[in-house]
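Asks: Residues in the sequence shown are numbered consecutively from 1, following our numbering.
From the three backbone atoms N, C-alpha and C, an ideal C-beta is built for every residue, glycine too.
No experiment lies behind these values; they were computed from the predicted model shown.
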Amino acid sequence: MIRRADEDGDGPTDSDRDLDEEFPLGDGTAAMEADVTCPYCFESMSITLDPGSGSHQQYVEDCQVCCRPWTVFVHYDEDGEADVSIEAADEGDSE
Ligand SMILES: [Zn+2]
1 MIRRADEDGD GPTDSDRDLD EEFPLGDGTA AMEADVTCPY CFESMSITLD PGSGSHQQYV
61 EDCQVCCRPW TVFVHYDEDG EADVSIEAAD EGDSE
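(1) Where does residue 51 fall in DSSP's three states?
(2) By DSSP's criteria, residue 73 is part of a beta bridge. Which residues make up the other side?
(3) Alpha carbon to alpha carbon, what distance is there between residue 56 and residue 81?
(4) Rounded to whole angstroms, what is the Cα-Cα separation between residue 33 and residue 74?
(5) Here's the rule: buried if 16 or more other CB atoms are within 10 angstroms of the residue's CB, otherwise exposed. What is residue 67?
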């Protein structure tokens, strides 16, 4: 058996396991932006996310190109990866 000379001695050293129970938004691993395609003008662009607002988010944001409103759905998984989808927020309103 090999023992490392710099062993701490007390307690387990696998501190990464803390992330299993805690959403890692505060440590810089969460995605801060996402690529989306506008449902109106079909332009692709990046939108800025706010990880501090929680692991499940839904809000309205205007397209940067055509300024029409989207409903944005954001879901962060335990690794801080963002799953983002958008829908037209004013469908049927522009006829
Ligand atoms: Zn657009």
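Replies: Here's the rundown:
(1) helix
(2) 58, 85
(3) 12 Å
(4) 11 Å
(5) exposed
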